[in-house]
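Novice:
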Amino acid sequence: MTTTKTLLSGLTLLLLSGLITAIATERIKETEIVPQKTKKDSINCSPALNFIANIPVYSLPTQPIVYTRKNASSLTANSTIIKSFRKGIELMQGLSSSDYRKWENFIKIHGTSTFSTVPIFNTGHNAHGSQFFLAWHRMYLYFFEKIIIKLTNDPGFRIPYWDPVSNRYLPNYITADTYVDGSITKTNPLKNNSREKDYFSKPQLKYFIKSINETLNQSLNYCDFLENIQTQVHTQMHGVIGGTTGELNNLRISPRDPLFFMLHANIDRIWERWISKDNKYPQTNEFLSQFFYFVDENGHTVKMKGSQVLSTADQLGYKYSSPGTVIPGSRTQKNCCPPKQSAARQMVLEKPQVYTAQQPKTKIDLSVGTIPDTDNIINTIQHLNINQQVYLEVDGINVSQMPPSPVYIYLTRANRLNRRPRLSSYVGVLDLSMLSFQEPNTTISARVNIKQVFLALVSSINDLKNLGLILWIEGSKPFSINFSNIKLVIEER
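Going letter by letter, the sequence shown gives residues 10 to 502 in the working numbering.
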């Protein structure tokens, strides 16, 4: 998606004697920007997919029996759903290596740790960062459910969702090393030893709740909702539990952790909650007709398109214990992928620098000596309309390893950097998830919507020159992050 962007201030950050400071670049130039090969739009409109000839469209039942996806916290190790969950994974693990329903093969549909020539593998890679992120994962979970139902002969099985808001600790049946099947003690297939931890800390839960509330209440169209739920809610759930070495935090292999399916059931549930607030599913032909390839309950390669996943109850046979059956609303939705617009005008850095942060809490002073065209900048800020968003955009990101927790960001005044950050200053997390799919020594860009906090802080040029950031990581494992520059961007949606 090409959008109009205005850079409000160009900042270069440099590590000097262990202290991070911000310095104004000597030269800032205004340039006509043409699309850069290394710069991705905020939403990928046309994911690259392998084409497989003569694959049938999956035939959905006309009147499916509707069962409920329940809150994981309401279930126990002896619940029928959990018994089928464990048994289904064990049966998937025991299938022939040539069967795409086999556990390791089904995981590879989402992503693989190495290049694969199998056409249905790695399609999840292409769905991330695209307008199909939510739809693709809805399809993936649906076929996982169908396979479990087929193998266990349990038509009522539906994936339970894990909602940290209702219980910040993972249920015991997910974390226990073993379980009892009759008189036999077995290894628990729902346990994954690579997890960083099995709970949200109290501060992490506060940030998570704030991100969910903002995603549900401030996303006025599907494009904004999609970006917020993917880069904020989704990133936090993967990052808090997966941490540095957890498979859950490596998108190439994240479904190896069965918690993946419970996590994404909750993401899907939040989508339903947003739809229940008088919103619609995307209605563009591009979204409705886009096919993705999967393996069905019988082990056959099939394809499914966007128009087949617009009703969880009527098409897919499930609803959530909360919010229940949802009827799409009437609010008009914008096209996330409009026709290409003319190149945007930006003030860009001529020589961006690199800096490294290794402290769990890193303070960054964004004060600058001069800001060009101050009257125009402040006028723009003071007259933002409802469709204009303000982003903190970070370019050239690379890390030594995935951090032990999400990278939490506070926007505050520079003269408050040495004080305890307030929840009201929290703007979001830095989404590093796409680094999982990148080759070594490559970088990504990420951004955070800071509009609400930014407008509360900035009303004059002096306010703009008195901004600071705090990057906070929970945990004590060594971690370094490098990026080339930070930009303050206004984008018209």
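Yeah, the Cβ is synthetic: ideal placement off N, Cα and C, and Gly gets one too.
#1: At which residues does the alpha helix (DSSP H) containing T187 begin and terminate?
#2: Excluding five sequence neighbours on each side, which residues of the same chain lie with their C-beta closer than 7 Å to the C-beta of A81?
#3: So I64 packs on V311, CB below 8 Å; how close in whole Å?
#4: Checking the sheet assignment: what are the DSSP bridge partners for M271?
#5: Measuring only the C-alpha atoms, how far is Q227 from N427?
#6: Can you tell me where the alpha helix (DSSP H) holding T77 begins and where it ends?
#7: Counting C-beta neighbours from all protein chains within 10 Å, is the total for I333 16 or more, i.e. buried, or is it exposed?
#8: On the CB-based measure, 16 or more other CB atoms within 10 Å of its CB, does K155 come out buried or exposed?
#9: Mapping the DSSP letters down to three states, classify N259 as helix, strand or coil.
#10: Quick check: the segment 134 to 144 against the segment 224 to 239, are at least 3 beta-carbon pairs closer than 8 Å?
#11: Cα separation between L16 and T71?
#12: Determine the burial state of I371: buried for a count of at least 16 other Cβ atoms within 10 Å of its Cβ, exposed for fewer.
#13: Answer with buried or exposed for H247, where buried requires no fewer than 16 other C-beta atoms within 10 angstroms of its C-beta.
#14: Please state whether DSSP places I64 in a helix, a strand or coil.
#15: Taking only the alpha-carbon atoms, compute the straight-line gap between N162 and S106 and give it to the nearest angstrom.
#16: Who are T244's beta bridge partners in DSSP?
#17: Going by DSSP in three states, F300 sits in which element: helix, strand or coil?
#18: With a threshold of 8 Å on Cβ separation, who are the neighbours of S339 within its own chain once the five nearest residues in sequence on each side are excluded?
#19: With which residues is I503 paired in a DSSP beta bridge?
#20: What are the complete beta strand (DSSP E) segments, minimum 3 residues, inside the segment 75 to 114?
#21: Per DSSP, V311 forms a beta bridge with which residues?
#22: List the endpoints of the continuous alpha helix (DSSP H) containing I158.
#23: Give me the Cβ distance between H273 and L150, rounded to the nearest whole Å; I'm assuming they're in contact under 8 Å.
#24: I74 to L375, Cα distance in whole Å?
#25: Going by CA-CA distance only, name the one from Y76, Q213 and F130 that's closest to W481.
#26: For the beta strand (DSSP E) that contains I495, what are its first and last residues?
#27: Buried or exposed for D305, going by 16 or more other Cβ atoms inside 10 Å?
#28: Given E205, which residues of its chain have a CB within under 7 Å of its CB, disregarding the five upstream and five downstream residues?
#29: In chain order, what residues of the same chain lie with their CB nearer than 8 Å to the CB of L84, ignoring the 5 residues before and after it?
#30: State the start and end residues of the unbroken alpha helix (DSSP H) segment that holds E205.
Specialist: This is what the structure holds:
#1: On the sequence shown, residue 187 is found 178 positions in, with the first residue counted as 1. From DSSP, T187 is part of no alpha helix (DSSP H) but of the beta strand (DSSP E) over T187 to D190.
#2: For this step, residue 81 is matched to residue 72 along the sequence shown. Result list for A81: P169, Y170, W171, P180 and M271, in chain order.
#3: Counted from its first residue, the sequence shown places residue 64 at position 55. Counted from its first residue, the sequence shown places residue 311 at position 302. With a Cβ gap of about 6 Å, I64 and V311 count as contacting.
#4: Walking along the sequence shown from the start, residue 271 turns up at place 262. The partner list for M271 (beta bridge, DSSP) is empty, contrary to what the question assumes.
#5: Here the question's residue 227 lines up with position 218 in the sequence shown. Here the question's residue 427 lines up with position 418 in the sequence shown. Going from the Cα of Q227 to the Cα of N427 covers about 30 Å.
#6: By 1-based counting over the sequence shown, the position of residue 77 is 68. Per DSSP, T77 belongs to no alpha helix (DSSP H); it is in the beta strand (DSSP E), Y76 to R78.
#7: By 1-based counting over the sequence shown, the position of residue 333 is 324. A small correction: the amino acid at residue 333 is Gly; Ile does not occupy that position in the sequence shown. G333 should be labelled exposed.
#8: For this step, residue 155 is matched to residue 146 along the sequence shown. K155 is classed as buried because its beta carbon has at least 16 other beta carbons within 10 Å across all chains shown.
#9: Against the sequence shown, residue 259 aligns to sequence position 250. Note: N259 maps to coil in three-state DSSP.
#10: yes
#11: Indexing the sequence shown from 1 puts residue 16 at position 7. Indexing the sequence shown from 1 puts residue 71 at position 62. With a pLDDT of only 40 at L16, under 50, the local geometry of the prediction cannot be trusted, and the value read off the model is given with reservation. L16 and T71: Cα-Cα distance of roughly 51 Å.
#12: Translated into positions along the sequence shown, residue 371 becomes position 362. Checking the displayed sequence, the identity of residue 371 turns out to be Thr instead of Ile. Buried: at least 16 other Cβ atoms inside 10 Å.
#13: Residue numbering aside, residue 247 sits at position 238 when the sequence shown is read from its first letter. By the 10 Å Cβ count, H247 comes out buried.
#14: For the purposes of this step, residue 64 is taken as residue 55 along the sequence shown, with counting starting at 1. If DSSP states are grouped into helix, strand and coil, I64 belongs with coil.
#15: For the purposes of this step, residue 162 is identified with residue 153 of the sequence shown, where counting begins at 1. For the purposes of this step, residue 106 is identified with residue 97 of the sequence shown, where counting begins at 1. Cα to Cα, N162 sits roughly 22 Å from S106.
#16: Reading the sequence shown from its first residue, position 235 is the one you call residue 244. T244 pairs with nothing; no bridge assigned.
#17: By 1-based counting over the sequence shown, the position of residue 300 is 291. Reduced to three states, the DSSP call for F300 is strand.
#18: For the purposes of this step, residue 339 is identified with residue 330 of the sequence shown, where counting begins at 1. Result list for S339: D287 and K289, in chain order.
#19: Any question about residue 503 goes unanswered here, given that the chain covers just 10 to 502.
#20: 76 to 78
#21: Walking along the sequence shown from the start, residue 311 turns up at place 302. F303.
#22: Locating residue 158 in the sequence shown gives position 149, where the first residue counts as 1. Element bounds for I158: F142 to T161.
#23: Start at 1 with the first residue of the sequence shown, and residue 273 comes out as number 264. Start at 1 with the first residue of the sequence shown, and residue 150 comes out as number 141. Right, the Cβ-Cβ distance comes to about 6 Å (below 8 Å), so this counts as a contact.
#24: Start at 1 with the first residue of the sequence shown, and residue 74 comes out as number 65. Start at 1 with the first residue of the sequence shown, and residue 375 comes out as number 366. Using only the alpha carbons, I get a separation of about 56 Å.
#25: Stepping through the sequence shown from its first residue, residue 481 is reached at position 472. Here the closest residue by C-alpha is Q213.
#26: Residue 495 sits at position 486 when you count from the first residue of the sequence shown. Here the beta strand (DSSP E) through I495 covers N494 to E501.
#27: Sequence index remark: in the sequence shown, residue 305 carries index 296 (1-based). D305 is buried by the Cβ-count criterion.
#28: Sequence index remark: in the sequence shown, residue 205 carries index 196 (1-based). Closer than 7 Å at the Cβ level, and outside the excluded window around E205, lie I250, G251, G252, T253, G255 and P413.
#29: Residue numbering aside, residue 84 sits at position 75 when the sequence shown is read from its first letter. Result list for L84: I90, I91, P169, P180 and Y182, in chain order.
#30: Start at 1 with the first residue of the sequence shown, and residue 205 comes out as number 196. Careful: E205 lies outside any alpha helix (DSSP H) and carries neither H nor E.
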